[in-house]
Every structure is written in structure tokens, then in C-alpha cells.
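To start, the structure under review is shown below, and the notes come after it.
In C-alpha cells:
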């Protein structure tokens, strides 16, 4: 009897299927780059699940099994080159040669809304629009080059001296409006956060980091599969959740059959938001689509 083929660790948790493992260096092709990014997403999600299970299960037998599985996941991440390799793959994916700079869409929308210009402070003095870019891959994108934008790029594992190495979830809350932003870009970042409740916390923190003005915006980019092929998330559910937090969608772009969905959300006062749905529906997983080939992307609020 032949030896049973072992299923890659990145495919065992029933989430979004990942590509087979690749070795340390990121390939130059677009397909190889995307495979590397997808595999990282799956492995890091599995890593977070195992760490959470270990914190809850104190039995020595079960803990030993979980530790062995976690070691296997850690090894797979190391084989891919760690977060450094992921960052290089992501930077390659955003390169202008591949048309991957999502801020081009943001600038187009700011022009449409008449916002592509300097702002005025309380004293009537002209100032640049303050932008916080979460998960920045390059300081040379379209938004950063605009003369009316002052960009603050941050990333958990910065690959450039002009990008601040910072975890947005640990960023101190602004003390005054002068510390807040007119725009926050969150492009292909939310789906990379392993824990659903941390995704919800990130969206709430974004709301708190924006200037309290209807001229303040969240630029959110997600893989289309997060809303179109998830058991627990649909476009309507995401809109309701963001309304609940304090955002109104003003622009959206998703090509038929495309892999990425771009959205722009306007800041709102919480008291101006009509009651949307049941708050409890945002605090737990609710199956919104059935199907064996669905992914498990979800955002949960505390």
C-alpha cells in the first residue's frame, strides 16, 4: 500500500485555498507573486488559530499536538522567507509595471469629489491633506506624489527607510484634531489581519484616527472574494457593519470577474447613523451563504 500524500499545512483549516509552498525567493511572475501572498495569508491565519487554541487548552496531551502543528506552520512560514519575503512579494505586486498602485483609484475619486486640493485650518491657513497609509509598500505611490497630500506611510515590517515600522493596532490614539487625518488608506490590509475581532477593532480605530468631518475618508481595498465568496460576509453586510461604526460609502469599483474591490467611505458622526441591523449580528459569525467552496472571511465587533 502506497504512502498517503500529506496535505500541506496551509490547506488544512478549511479557509481560502492557498497555493503550494514556494521557496525563499519570490518569483518574478505575477502568478508566483500572488501564490506567495496567498500562502502567507493562509499560514498566518492558521498560526493565529493555533495560538488561540493553545491559550485555551491546558491539557498536556492536546497542548503537545497543538504545539507540533504550530511548529509545522512556523516552519512553513520560515521556508517562504518570513514576513520579509511577504513584503517583497507585496511590493512587487504593487509595482507600477503591473498596475498595482491602488492609490491611483483614490486620487481619481478625490478629483471627482472636488477634494484634490489644499485644506484650510481653523485660522484660514492653507494646509495639505493629511493621509495615513496603513500597510504601505512604497513611499513613491501616486498619492504620495500629489502636492496637496502629506502622507504618513506605516507598515508592520517596513522595507523602506521612509516607511515607519508600526503596528496600526498599537498606534496611540490622537490627542487632538491636529494629530488626526483627512484620509486613511487601508489597501489589502484588513484581509491580512488574522483575527476577525482585530479586523473590527482596526476599523473602529480608523474612525477614531480620522478628523471628525464629512470631508474625511477611508479608502478600503479588499480581495473581491472577501465579500463575494465568504460564508460570513456579503457586500450588504460589510456596508451595514461600516455604517454601524460610522462610515457612508461614496464610491465603489469592482470589475466583473476582477480580484479586487475598491471602496471609499465618508466619516460620519455616530449619532447621525440610523440603526442598521442588529448589533449582535456583528458580534458573532452568522452564515450568510452556504457552500463547500466558500471562504471564512469575517469581521467581528466587540
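Numbering (the working numbering), first residue to last: 5 to 306.
Where a beta carbon is used, it is the ideal one built from N, C-alpha and C, also for glycine.
Small disclaimer: the values here were computed from a predicted structure and weren't measured.
Inter-residue spacing [alpha-carbon to alpha-carbon] between residue i and residue j
| i | j | result |
| --- | --- | --- |
| residue 136 | residue 57 | 34 Å |
| residue 52 | residue 125 | 43 Å |
| residue 244 | residue 65 | 43 Å |
| residue 131 | residue 176 | 23 Å |
| residue 259 | residue 166 | 33 Å |
| residue 116 | residue 110 | 10 Å |
| residue 300 | residue 73 | 20 Å |
| residue 198 | residue 295 | 22 Å |
| residue 170 | residue 262 | 31 Å |
| residue 252 | residue 237 | 18 Å |
| residue 184 | residue 134 | 8 Å |
| residue 224 | residue 69 | 38 Å |
| residue 320 | residue 67 | The requested residue 320 is not part of the displayed model; the chain covers only 5 to 306. |
| residue 81 | residue 174 | 24 Å |
Residue burial classification, residue i (beta-carbon count within 10 angstroms, cutoff 16)
| i | result |
| --- | --- |
| residue 155 | buried |
| residue 27 | Since pLDDT at residue 27 reaches only 39, below the 50 mark, its modelled position is unreliable, and the value read off the structure follows with that caveat. Residue 27 is exposed by the Cβ-count criterion. |
| residue 191 | buried |
| residue 118 | exposed |
| residue 60 | exposed |
| residue 216 | exposed |
| residue 46 | buried |
| residue 227 | buried |
| residue 194 | buried |
| residue 293 | exposed |
| residue 151 | exposed |
For residue i, three-class secondary structure by DSSP
| i | result |
| --- | --- |
| residue 251 | strand |
| residue 299 | strand |
| residue 137 | strand |
| residue 205 | helix |
| residue 200 | helix |
| residue 102 | Residue confidence is low: residue 102 scores 37 on pLDDT, short of 50, so the model does not pin down where it sits. Its coordinate-derived value is still stated next. Helix. |
| residue 167 | coil |
Beta carbon of residue i nearer than 8 Å to that of residue j
| i | j | result |
| --- | --- | --- |
| residue 235 | residue 288 | no |
| residue 1 | residue 207 | Residue numbering for the chain in the displayed model covers 5 to 306; residue 1 lies beyond these limits and cannot be assessed. |
| residue 213 | residue 249 | no |
| residue 266 | residue 106 | yes |
| residue 147 | residue 158 | no |
| residue 203 | residue 108 | no |
For residue i, the nearest candidate out of the options (CA to CA)
| i | options | result |
| --- | --- | --- |
| residue 200 | 189, 230, 184 | 230 |
| residue 83 | 122, 121, 67, 43 | 43 |
| residue 272 | 254, 264, 304 | 254 |
Check: residue i C-beta below 7 Å from any heavy atom of the ligand ADP
| i | result |
| --- | --- |
| residue 109 | With respect to the ligand ADP, the structure shown offers nothing to examine, as it has no ligands at all. |
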